[in-house]
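Numbering (the working numbering), first residue to last: 138 to 399. Don't be surprised by glycine CBs; every beta carbon is placed ideally from N, CA and C.
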Amino acid sequence: MALKGMFSKRCLATLAVGAVMATIGGSSAFAGEGGAHWTYEGEHGPAHWGHISKEYAACSEGKNQSPVNIASVGVAELKDLEFSYKASKLNIVNNGHTVQADYDAGSSIKVNGIDYQLLQFHFHGPSEHTVNGKPYPLENHFVHKSAKGELAVIGVLIEEGAENAAFKGIWASLPKKSGDKKASDVSYSAIDLMPKSKAYSTYPGSLTTPPCSEGVTWLVLNEPIQMSKAQIEEIKAIIKDNNRPVQPINTRKISTKAPAKK
Ligand SMILES: [Zn+2]
138 MALKGMFSKR CLATLAVGAV MATIGGSSAF AGEGGAHWTY EGEHGPAHWG
188 HISKEYAACS EGKNQSPVNI ASVGVAELKD LEFSYKASKL NIVNNGHTVQ
238 ADYDAGSSIK VNGIDYQLLQ FHFHGPSEHT VNGKPYPLEN HFVHKSAKGE
288 LAVIGVLIEE GAENAAFKGI WASLPKKSGD KKASDVSYSA IDLMPKSKAY
338 STYPGSLTTP PCSEGVTWLV LNEPIQMSKA QIEEIKAIIK DNNRPVQPIN
388 TRKISTKAPA KK
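Dropping the structure here:
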C-alpha cells in the first residue's frame, strides 16, 4: 500500500507538470504528460510503458524509438548546428521523473535550415544513449521545438572529471523533492552546459518517456562534458535511476559529420 501511495503522489506531480508544459509548450508530443502514471521500475517500468495506456502504444510498437546505442556511425555531409542562445532565468521543477529547467522564449538552434526554440533541459542518470555499449554517469537533454511543432533534442553526455563551474551556480536552484519548484535568481546560458565542440551524431528517434512520440530529431554531441564526482552524486541523489534502456536501431542509420578535408 505504501507503494500505491508513492505512485499516486508521482501522478499528481506529473499532472502539475502537464499543465506547465501545456502553457509553455503546447506541443502534442507532450500531450501524454498528464496521462497515466509510469515509472522507471516495476510494473509501470519501461518494459510495460506501451501497455499502460493506448496513448503510450508507440513505446512498444514504435520502430524509431530512443535512446539507442551509438555504435556504427555513417559519415555524412551534415551542417554545423547554429546556436542563438540567450541567458535565461530558469524555472526548475522536480516532476518526479527528472529535474527540468524551463527556459525563457528567445533562444534557438538552426538545424538544416529549420529553427527550433529551446524549451527546457533536464537530466537522466545513467545516460540514456550509450556509445559503443558504454553508458555515461549522466545525460542532459535540451528540448527544442520548431514552429511546426517538430522536436529536436540535443543530448550531452556527462563524464566524471573536473568540477563544472556552470552547474555549480545552477545547483542551488535544484528542487530536491518531487513536486517542488524553484526559480533561479540569476540568468544562465544553456550553452555553458555544453562541450566546446558541437560536432554531433544524429538519427531519427522519439521521446524517451511516455508517450514515446516519434518524429524527434536527435543530436547527440560527440564530446562529453565533465562534472565532479560530488556533482554527479548530488544529481543522482535527486533523479535516482531515470534512464530508459536502449532501443533497437532497426532500419535507422546514425550519421556524423565527415572530418574536414585537408
Ligand atoms: Zn530526456
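If we ignore side chains and look at the alpha-carbon of each, how far apart do residue i and residue j end up?
i	j	result
E265	V205	8 Å
V210	K271	15 Å
G199	E351	8 Å
E180	I229	29 Å
M108	E296	Given a span of 138 to 399 for the chain in the structure shown, any question on residue 108 remains unanswerable.
H278	K335	14 Å
S338	K313	32 Å
Q384	G182	14 Å
N232	S315	5 Å
A284	A299	38 Å
S245	L215	18 Å
G155	A309	Residue confidence for G155 is low, a pLDDT of 39 falling below 50, so the modelled location carries little weight and cannot support an answer.
S343	A374	26 Å
State the DSSP-derived secondary structure class of residue i, mapped to helix, strand or coil.
i	result
Q368	helix
W175	coil
E276	strand
H281	strand
G262	coil
K271	strand
G306	helix
G316	coil
G182	coil
G400	Since the first residue shown for the chain is 138 and the last is 399, residue 400 is missing from the structure and cannot be characterised.
K373	helix
I246	strand
D329	helix
E198	helix
S164	Confidence at S164 is low in this model, with a pLDDT of 33, below 50, so the placement of that residue should be treated as unreliable; the coordinate-derived value is given next. S164 falls in the coil class under three-state DSSP.
N380	coil
Sort out for me which residues DSSP pairs residue i with in a bridge.
i	result
D239	N228, Q257
A289	H281, T354
I362	I295
Y193	Note: Y193 sits in no beta bridge, so no partner.
I386	For I386, which the question treats as bridged, DSSP gives no partner whatsoever.
The beta strand (DSSP E) with residue i in it runs from where to where?
i	result
P341	337–343
T393	392–394
E108	For the chain, the structure presents residues 138 to 399; residue 108 sits outside this window and is missing.
Residues with C-beta closer than 6 Å to any heavy atom of ligand 1, in chain order: Output, sorted by chain position: H259, H261, H278, T345.
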